[in-house]
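Sequences listed follow chains E and X, in order. Just so you know, we're using the working numbering here: the first sequence kicks off at 1 and counts up by one. Just so you know, we're using the working numbering here: the second sequence kicks off at 1 and counts up by one. In this text, a Cβ means the ideal position worked out from N, Cα and C, and glycines have one as well. Note sheet for the following structure.
2 protein chains.
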Amino acid sequence: MRYPDDSLIALKENGYRLTATREAVNKVLYDHKGPFTIEMVSDALPGIGRATIFRTVRLFQDLGIICRVNMEGGAVRYQLASTGEHHHHFICTVCGVVTEFIDAHIDQAVNRQAQGADFELNSHTIDLYGVGSCCSKK
Amino acid sequence: MRYPDDSLIALKENGYRLTATREAVNKVLYDHKGPFTIEMVSDALPGIGRATIFRTVRLFQDLGIICRVNMEGGAVRYQLASTGEHHHHFICTVCGVVTEFIDAHIDQAVNRQAQGADFELNSHTIDLYGVGSCCSKK
DNA sequence: TAGCAATTTGATATTAAGTATCAATAAGGA
DNA sequence: TCCTTATTGATACTTAATATCAAATTGCTA
Numbered sequence: 001m002r003y004p005d006d007s008l009i010a011l012k013e014n015g016y017r018l019t020a021t022r023e024a025v026n027k028v029l030y031d032h033k034g035p036f037t038i039e040m041v042s043d044a045l046p047g048i049g050r051a052t053i054f055r056t057v058r059l060f061q062d063l064g065i066i067c068r069v070n071m072e073g074g075a076v077r078y079q080l081a082s083t084g085e086h087h088h089h090f091i092c093t094v095c096g097v098v099t100e101f102i103d104a105h106i107d108q109a110v111n112r113q114a115q116g117a118d119f120e121l122n123s124h125t126i127d128l129y130g131v132g133s134c135c136s137k138k
Numbered sequence: 001m002r003y004p005d006d007s008l009i010a011l012k013e014n015g016y017r018l019t020a021t022r023e024a025v026n027k028v029l030y031d032h033k034g035p036f037t038i039e040m041v042s043d044a045l046p047g048i049g050r051a052t053i054f055r056t057v058r059l060f061q062d063l064g065i066i067c068r069v070n071m072e073g074g075a076v077r078y079q080l081a082s083t084g085e086h087h088h089h090f091i092c093t094v095c096g097v098v099t100e101f102i103d104a105h106i107d108q109a110v111n112r113q114a115q116g117a118d119f120e121l122n123s124h125t126i127d128l129y130g131v132g133s134c135c136s137k138k
């Protein structure tokens, strides 16, 4: 997922309707970049009901357009997924920016662990918390 | 953390008072075993206010006695930590049971990733979702 | 072991995230 | 254009959690 239109295409491809509301939410996400909360989107689109924002965000999640990020304290952020693929997160605890990464090594080790423990693995999440280069003091 | 008294010792060692409420909550956790929600504890201890249950659970978390587990859908469970140490989770999506594991390999790979990305790593969480041996069909 | 300061608690209100309901509206294929 | 179906808004509700503050409890300490 790179361009705003990708979201709209994804909607159509999955049999969802292309509505003004969904376009508006999509635009806000792409204009804003960076992590966002439901509140932020809701504030940016006063004409659209809260419930619809939630619905749209959930739909975009399901389509892999955005990903949900659990902050350390339990707060929730969303962010455009740079890839719809499986990935992990660097989460900057200073500014909240989330960067994605892929690591075949880790995934392999995770699979080994699961096998060793007789655990039928369906999915996994890996979140790294710390200070990103975005906020590094140097 | 293995025995109920460990919690009480941890409280004292960290300068917290040993109260009837905290003992009661602790007992519920050890009697129940397995994952629990605030509701469950609250139901088991009708005489104790909800806010206090939350406070106590948070305190126990801070002391490493219990750990918080984010379920896939966003629900939250808590469970006695079998170790206060750094660890990761197998989360059975059928029954909710959480099993801990440690994997130096994964931790190493995680550290490498962080270094490579110029990310000052403070902590990380790894949660594996799937069907545990507890609920395996075989 | 009674007294007292500081911690803890309960009741209550509040916040935040999210879901449920349902009538009204909009999308898009025929 | 019409019509079925998906979507939306308003509203109420749920769940998880925190804030406030007076009242109760701890555990020194004299």
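Item	Value
Along the chain, where does the alpha helix (DSSP H) containing residue 38 of chain X start, and where does it finish?	38-44
Since residue 125 of chain X sits in a beta bridge, which residues does DSSP pair it with?	E:127
With DSSP as the reference, label residue 78 of chain X as helix, strand or coil.	strand
Closer than 7 Å, Cβ to Cβ, to anything on chain X: give me those residues from the region 50-70 of chain E, in chain order.	70
Measure the CB-CB distance between residue 125 of chain X and residue 127 of chain E and report whether it falls below 8 Å.	yes
Between residue 122 of chain E and residue 129 of chain X, which are expected to be in contact by the criterion C-beta below 8 Å, what is the C-beta distance as a whole number of angstroms?	5 Å
Assign residue 101 of chain E to one of three DSSP states: helix, strand, or coil.	strand
DSSP beta-bridge partners for residue 70 of chain E?	E:76
Can you have a look at residue 3 of chain E and say buried or exposed, based on whether 16 or more other CB atoms are within 10 angstroms of its CB?	exposed
Closer than 8 Å between beta carbons: that is the criterion. Which residues of the region 115-132 of chain X meet it against chain E?	117, 118, 119, 120, 121, 122, 123, 124, 125, 126, 127, 128, 129, 130, 131, 132
Assuming residue 88 of chain X and residue 100 of chain X make a contact with CB atoms under 8 Å, what is their CB distance in whole Å?	7 Å
The beta strand (DSSP E) that contains residue 90 of chain E, what's its start and end?	88-92
How would you label residue 51 of chain X, buried or exposed, when you count the other beta carbons within 10 angstroms and need 16 or more for buried?	exposed
Do you know offhand how far residue 132 of chain X's Cα is from residue 94 of chain X's?	8 Å
Going along chain E, which residues have a C-beta under 7 Å from residue 110 of chain X?	106, 128
From the DSSP output, read off the bridge partner residues of residue 120 of chain E.	X:131
Which term fits residue 79 of chain X, buried or exposed, when burial requires 16 or more other beta carbons within 10 angstroms of its beta carbon?	buried
Does the beta-carbon of residue 139 of chain E have 16 or more other beta-carbons within 10 angstroms, so that it is buried, or is it exposed?	Residue 139 of chain E falls outside the range modelled here, since chain E spans only 1 to 138, and no answer is possible.
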